[in-house]
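Visitor:
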DNA sequence: ACGCTCGTTCGGCATTACCGAATGGCTTTC
DNA sequence: GAAAGCCATTCGGTAATGCCGAACGAGCGT
């Protein structure tokens with residue numbers, strides 16, 4: 003048997019893995035047999051779990067028969083984000099920023115050194131990005147990630163980099179610790195961070211940090227756009243606008 | 003022991019109940035002992051489950067120590083709503099309707115005769131409603147609920163009413179089956195539904211149905227506002243605007 | 001009409017999750 | 001400042017419970 007921490011419940015573990023598998027499937031969902039194969043357990047086991055999850059609305063059955071994530075998760079996700087006080091306060095600010103820039107805007111919070119996006123507002127008529135909410139992103143390839151890293155000590159940054167490396171997503175991705183530290187110094191100096199096609203070809207981001215009344219960094223406001231559509235405004239101009247809205251959110255937090 | 007269906011997993015059942023309890027708590031979360039008392043199980047049992055859920059990001063620990071819903075649920079909820087093709091298509095339409103009316107707009111889908119709101123866009127500068135996503139609402143007290151009921155046979159409506167009754171939320175709530183059937187006939191005739199302070203004092207809703215290419219009702223577009231702030235526009239005018247946007251969404255579905 | 005695959009049910013075995021008591025760290029209270 | 005309370009956590013033992021595999025029956029596709 004593989005070593006499993008003592009204080010973990012096998013069936014709950016498997017249930018969470020099932021939800022993860024359904025999350026990674028496309029919108030047509032997965033069949034019971036697919037899930038059984040994916041987890042390496044008997045069909046009947048998966049069946050019992052699915053029915054249990056279904057009773058709580060975490061999973062739904064669609065004609066096929068196939069299974070997809072249920073509307074109960076929409077409810078829990080909505081509540082989870084409203085339980086983060088910052089996310090609720092941020093939405094109006096994100097809306098205003100989306101209006102002002104025409105871009106998709108998001109709020110990231112720092113989760114153990116990684117940016118996690120917890121709220122988003124799509125720009126008016128903008129190309130719909132597949133900007134997943136709630137997933138941890140690479141800290142070195144996103145503007146919000148740089149904001150978060152810039153708040154840590156150099157030692158901690160080195161530690162994180164040592165743990166997860168500096169995944170190269172595009173040609174422009176920062177892949178050396180030296181260049182990363184330089185970049186973080188620049189971020190601190192100018193008060194905003196830029197991701198210039200470092201995560202996705204043709205896509206740029208600009209982000210600025212948000213601090214609470216104790217002056218601790220609690221999150222980052224971020225805008226995302228298509229590079230070829232954004233020739234009019236300079237990075238510095240956009241940085242100032244994002245900075246201004248991030249400050250407005252900070253003010254709401256009592257900064 | 004209480005009779006429990008054979009094909010249900012106890013620990014997964016309890017895990018789901020724990021998430022539900024955390025969802026109903028305020029943003030400060032619950033302690034381990036609170037959860038144990040709430041479920042009537044040993045602290046150590048709850049502990050093992052919490053750690054398992056935490057490992058998957060479904061639960062997070064905050065200083066206290068207390069536990070709240072985790073960011074993983076934000077991710078799953080976001081994916082769950084994007085796996086509903088209609089929700090993704092609806093968001094731009096909801097945005098446009100929110101702009102046109104200045105009101106909060108939502109999309110409900112029919113879940114077994116009940117309306118479940120799966121997407122929302124807040125109106126510009128509007129009072130922020132606590133409009134929870136993903137929860138089942140009473141079909142007789144919401145405009146979207148009436149749209150859904152109006153699509154069912156009279157026999158099925160009577161069946162549903164017999165099951166869950168007609169909960170009286172305000173003085174204006176429809177509480178008799180006769181008046182409800184009359185109201186549903188009016189909804190069918192005029193093509194939109196109104197909730198005039200029938201769910202919440204001072205709050206009104208207007209909704210219109212959305213049909214797919216097979217002409218099946220798949221959801222309802224709904225607007226919500228404060229009655230005292232909405233004197234300018236008549237219900238009929240608003241109904242026409244909502245109807246128009248619902249049709250625009252139907253067109254996107256290939257209707 | 002046949003065969004396949006699907007979800008579903010049902011016993012039986014043993015793995016596993018549950019409990020209760022004991023531990024140590026932390027904040028609170030007098 | 002010390003002690004008392006509350007907290008999350010660990011650890012065996014027990015039996016309840018979830019897991020499996022095989023058999024059933026419905027629904028498609030051939």
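Residue numbers (the working numbering), protein chains in the order written: chain W, 3 to 257; chain B, 3 to 257. Glycine included, each C-beta is placed from N, C-alpha and C at the ideal position.
(1) Within the 9 Å Cβ cut-off, does residue 1 (chain W) reach chain B?
(2) Measuring alpha carbon to alpha carbon, tell me which of B:66, B:49, B:205 and B:74 ends up nearest residue 144 (chain B).
(3) In terms of DSSP beta bridges, what is residue 288 (chain W) paired with?
(4) Could you give the C-beta distance for residue 16 (chain B) and residue 52 (chain B), rounded to a whole number, given that I count them as a contact under 8 Å?
(5) On the CB-based measure, 16 or more other CB atoms within 10 Å of its CB, does residue 224 (chain B) come out buried or exposed?
(6) If I follow the unbroken alpha helix (DSSP H) through residue 15 (chain W), where does it start and stop?
(7) Hey, would you say residue 252 (chain B) sits closer than 9 Å to residue 208 (chain B), going by beta carbons?
(8) Taking one C-beta from the region 47 to 64 of chain W and one from the region 87 to 107 of chain B each time, how about it: are there three or more such pairs within less than 8 Å?
(9) Report the rounded CA-to-CA distance for residue 66 (chain W) versus residue 80 (chain B), giving the unit in angstroms.
(10) What three-state label does DSSP hand residue 80 (chain W) in the structure shown?
(11) Can you look up residue 235 (chain B) in the DSSP assignment and give me helix, strand or coil?
(12) Can you find a C-beta in chain B that's less than 9 Å from the C-beta of residue 11 (chain W)?
(13) Does the beta-carbon of residue 166 (chain B) have 16 or more other beta-carbons within 10 angstroms, so that it is buried, or is it exposed?
(14) Flag this pair as yes or no: are the beta carbons of residue 32 (chain W) and residue 78 (chain B) separated by less than 9 Å?
(15) What first and last residue would you give for the beta strand (DSSP E) that runs through residue 39 (chain B)?
(16) Who are residue 63 (chain B)'s beta bridge partners in DSSP?
(17) Do residue 88 (chain B) and residue 220 (chain B) come within 9 Å of each other at the CB atom, strictly closer than that value?
(18) Does DSSP put residue 114 (chain B) in a helix, a strand or coil?
(19) I want to verify the contact list: residues of chain W whose CB lies under 8 Å from the CB of residue 77 (chain B), in sequence order.
(20) So, at 6 Å on beta carbons, what are the nonlocal neighbours of residue 82 (chain B) in its own chain, with the 5 sequence-adjacent residues on each side left out?
(21) So what does DSSP say about residue 162 (chain W), is it helix, strand or coil?
(22) CA-CA distance, residue 254 (chain B) and residue 124 (chain B)?
(23) With a threshold of 9 Å between beta carbons, is residue 71 (chain B) in contact with chain W?
(24) On a CA-only basis, which of W:231, W:175 and W:243 is nearest residue 99 (chain W)? Give me that one, please.
(25) For residue 18 (chain B), decide whether its Cβ has a neighbour in chain W, counting only Cβ atoms nearer than 9 Å.
(26) Assign residue 254 (chain B) to one of three DSSP states: helix, strand, or coil.
(27) Using a threshold of 9 Å, state whether the C-beta atoms of residue 183 (chain B) and residue 156 (chain B) are closer than that.
(28) If you check the beta carbons only, do residue 150 (chain W) and residue 121 (chain W) fall under 9 Å apart?
(29) From residue 257 (chain B) to residue 217 (chain B), what does the alpha carbon distance come to, in whole angstroms?
(30) Starting from residue 113 (chain B), find everything on chain W with Cβ-Cβ shorter than 7 Å and list it in chain order.
(31) For residue 88 (chain W), which three-state DSSP category applies?
(32) For the region 121 to 202 of chain W, which segments carrying the alpha helix (DSSP H) assignment without a break, of at least 4 residues, lie completely within its bounds, in sequence order?
(33) Mind checking which residues open and close the alpha helix (DSSP H) that includes residue 46 (chain W)?
(34) Short of 8 Å in beta carbon distance, which residues of its chain neighbour residue 86 (chain W), apart from the five on each side in sequence? Order them along the chain.
(35) Hey, how far is the Cα of residue 12 (chain B) from the Cα of residue 230 (chain B)?
Guide: Looking at the atomic coordinates:
(1) In this structure chain W extends from 3 to 257, so residue 1 (chain W) is not present and cannot be described.
(2) It is B:205.
(3) For residue 288 (chain W) there is no data in the structure shown, the boundaries of chain W being 3 and 257.
(4) In this structure residue 16 (chain B) is not in contact with residue 52 (chain B), their Cβ atoms being roughly 11 Å apart against a cut-off of 8 Å.
(5) Residue burial annotation: residue 224 (chain B) is buried, with at least 16 other C-beta atoms found within 10 angstroms of its C-beta.
(6) Per DSSP, residue 15 (chain W) is one residue of the alpha helix (DSSP H) stretching across 12 to 26.
(7) Contact flag unset, no.
(8) Judged by Cβ distances under 8 Å, the region 47 to 64 of chain W makes no contact with the region 87 to 107 of chain B, as fewer than three pairs qualify.
(9) C-alpha of residue 66 (chain W) to C-alpha of residue 80 (chain B): approximately 23 Å in a straight line.
(10) Residue state, collapsed to three classes: helix.
(11) In this structure, residue 235 (chain B) counts as coil in the three-state DSSP scheme.
(12) Among the residues facing chain B, residue 11 (chain W) is included, as its CB has a counterpart in that chain under 9 Å away.
(13) Looking at its Cβ environment, which holds fewer than 16 other Cβ atoms inside 10 Å, residue 166 (chain B) is exposed.
(14) No. Outside cutoff.
(15) If you look at residue 39 (chain B), you'll find it isn't in any beta strand (DSSP E); it sits in the alpha helix (DSSP H) that goes 34 to 41.
(16) In DSSP, residue 63 (chain B) forms a bridge with B:69.
(17) Yes, they are a contact pair.
(18) Residue state, collapsed to three classes: coil.
(19) Within 8 Å Cβ-Cβ: 25, 79, 134, 135, 136 and 137.
(20) There are no such residues.
(21) Three-state DSSP puts residue 162 (chain W) in a helix.
(22) The C-alpha of residue 254 (chain B) lies about 22 Å from the C-alpha of residue 124 (chain B).
(23) Yes, its Cβ sits closer than 9 Å to a Cβ of chain W.
(24) The shortest Cα separation from residue 99 (chain W) among W:231, W:175 and W:243 belongs to W:243.
(25) Closer than 9 Å: yes.
(26) Residue state, collapsed to three classes: helix.
(27) In this structure, residue 156 (chain B) lies closer than 9 Å to residue 183 (chain B) by Cβ.
(28) Their beta carbons are not under 9 Å apart, which means residue 150 (chain W) does not touch residue 121 (chain W) by this criterion.
(29) Rounded to the nearest angstrom, the two C-alpha atoms are 7 Å apart.
(30) By Cβ distance, chain W contributes 73.
(31) Three-state DSSP puts residue 88 (chain W) in a helix.
(32) Within the region 121 to 202 of chain W, the complete alpha helix (DSSP H) runs of at least 4 residues are 145 to 152, 156 to 166 and 179 to 192.
(33) It spans 45 to 57 - the alpha helix (DSSP H) in which residue 46 (chain W) sits, taken as one unbroken run.
(34) Taking C-beta separations shorter than 8 Å and ignoring five residues to either side along the sequence, the partners of residue 86 (chain W) in its chain run 111 and 120, following chain order.
(35) Cα to Cα, the separation comes out at about 49 Å.
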